[in-house]
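When you read off a place in the sequence shown, starting at 1, and then add 799, the result is the number in our numbering.
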Amino acid sequence: MAKVLVHLPLNISRAIEEMLKDFGREMKQKHGIKLEVENLHKCMAADEKSKDMRIDNAPDLLVGNANYILKFAGSNLEEHIRPLPGRFPLRPELAKAGFADSRGYFHPFVIVPFAIFYNPNVVREGELPQVWADLLDASWREKILMPAQHHMAPKMIQALIQAYYPEKIAALRQNMVFDGAPINVVNAVDEGRYPLGITNVTFARVSRNKNISMLWPRDGLFCMPLVMVWNKKADDRLLEIGDYLLSSRVQEYLALQTFVPVSTAVNIPQVLIENNFNLIWRGWDDFINVLKGVIG
């Protein structure tokens, strides 16, 4: 029995779970390994579940945000996580940007951009934020809506802003409103109840009344790599799951969400290319420090 823990954004969580279960049936036939796939979004809240889990019963493979494995391993990554440097190569532009973990602990299989979007019927073009720091201006007090704080996007956005603009934490708390699911945020901005919203990029492109436009900050898009992390005790044959997650079938599905695929076999979504997107990324050491704000 091998255990895979899935901790992913809501819009892809169920689909990736089902893909892994399908692949698990192949592994059962090929290797005789039964794959148990547990999805945190289908059981108790991730934060609550993590309180009951210890490193000695950690999964063989975690598929999701790196912050969850840090709950288990803390700073002792080398003691608990299997290093596999270079085993799962990234598309050249992502590798050049530093998304490949040189120690081989964290293996991105997709990059999730976070999007700022607005209602052009509520906000004039000249008032729009130009960079992320502009969101902390007093003029946006209680005007920026994000999902409830147990969702990944608000956790990551708060942690990134606190890390990069520590002197403006008070403004962050004053300007941001947290409520509901990502689609509720989209609907609220679409209907003009809030001028600005922030979610992962997939939700930002859904608009019931077509009253939403995306912002492309000059300093780039905050982002979150979703990773594969193997327990040191994991069977070598489980590495085939990583090859599967980098396969065209999975990568094409992820690209349809307007996420950035790591495989060169799949094109980067056209809307990102057309807007000359760039991702705000300062390397794995920096990101792990940012994640400490999520865990804390």
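For each residue, glycine too, the CB sits at the ideal point set by N, CA and C.
Since this is a predicted model, take the numbers as computed values, not measurements.
Asked                                                                                                                      : Found
C-alpha gap between I943 and R1048, whole angstroms                                                                        : 36 Å
Beta-carbon contacts of N810 that lie in its chain and below 8 Å, excluding the five residues immediately before and after : P981, N999, T1001, F1002 and Q1056
C-beta atoms of L1078 and G996 nearer than 8 Å                                                                             : no
Every unbroken beta strand (DSSP E) inside the segment 1005-1044 [3 residues or more]                                      : 1012-1014 and 1022-1029
Expected contact under 8 Å - CB spacing of G903 and P884 to nearest Å                                                      : 3 Å
Cβ-Cβ distance between L935 and L971 below 8 Å                                                                             : yes
Close beta carbons around N1010, own chain, < 8 Å, minus the five adjacent residues each side                              : N918, P919, N920, V988, D989, E990 and G991
Cα-Cα separation, I880 to A937                                                                                             : 44 Å
DSSP state of K850 mapped onto helix, strand, coil                                                                         : Here the model assigns K850 a pLDDT of 48, short of 50, so the residue's position is not dependable, and the following value carries that caveat. Of the three classes helix, strand and coil, the one that applies to K850 here is helix, per DSSP.
Burial state of R1081, where buried means 16 or more other Cβ atoms lie within 10 Å                                        : exposed
S1050 classed as buried or exposed, judged by whether at least 16 other C-beta atoms fall within 10 angstroms              : The sequence given here places Gln at residue 1050; Ser does not occur at that position. Buried is the call here.
Beta-carbon proximity of V803 to I815, cut-off 8 Å                                                                         : no
Cβ shell of D851 (< 8 Å), same chain only, five flanking positions each side left out                                      : Its pLDDT being 48, under 50, D851 is placed unreliably by the model, and the measurement read from it follows with that caveat. Answer for D851: no residue qualifies.
6 Å Cβ shell around D846 - same chain, five flanking residues per side excluded                                            : Caution is warranted here: a pLDDT of 49 is assigned to D846, below 50, making its placement in the model unreliable, and no coordinate value can be reported.
Beta-carbon proximity of H906 to V1093, cut-off 8 Å                                                                        : no
Closest Cα partner of Q957 within the set F913, V922 and P928                                                              : F913
From N866, R1017, Q929 and V1028, residue whose alpha carbon lies closest to that of D1085                                 : N866
Three-state class that DSSP yields for A969 in the structure shown                                                         : helix
Assigned exposure category for G823 - 16 Cβ within 10 Å defines buried                                                     : buried
Contacting residues, own chain, Cβ-Cβ under 8 Å from A844 (five flanking each side not counted)                            : For A844, the predicted structure reports a pLDDT of 47, less than 50, and the residue's modelled location is therefore unreliable. The matter cannot be settled from this model.
N- and C-terminal bounds of the alpha helix (DSSP H) containing P953                                                       : M951 to Y963
Cβ-Cβ distance between L860 and W1029 below 8 Å                                                                            : yes
Coil, strand or helix - R904 by DSSP                                                                                       : In the sequence as presented, Arg is not what sits at residue 904; that position holds Tyr. The answer is coil: DSSP assigns Y904 none of H, G, I, E or B.
Under 8 Å between C-beta atoms of I868 and V1059                                                                           : no
Same chain only: Cβ atoms within 8 Å of K1102, ignoring 5 sequence neighbours per side                                     : The question about residue 1102 has no answer here: the residues shown for the chain are numbered 800 through 1095.
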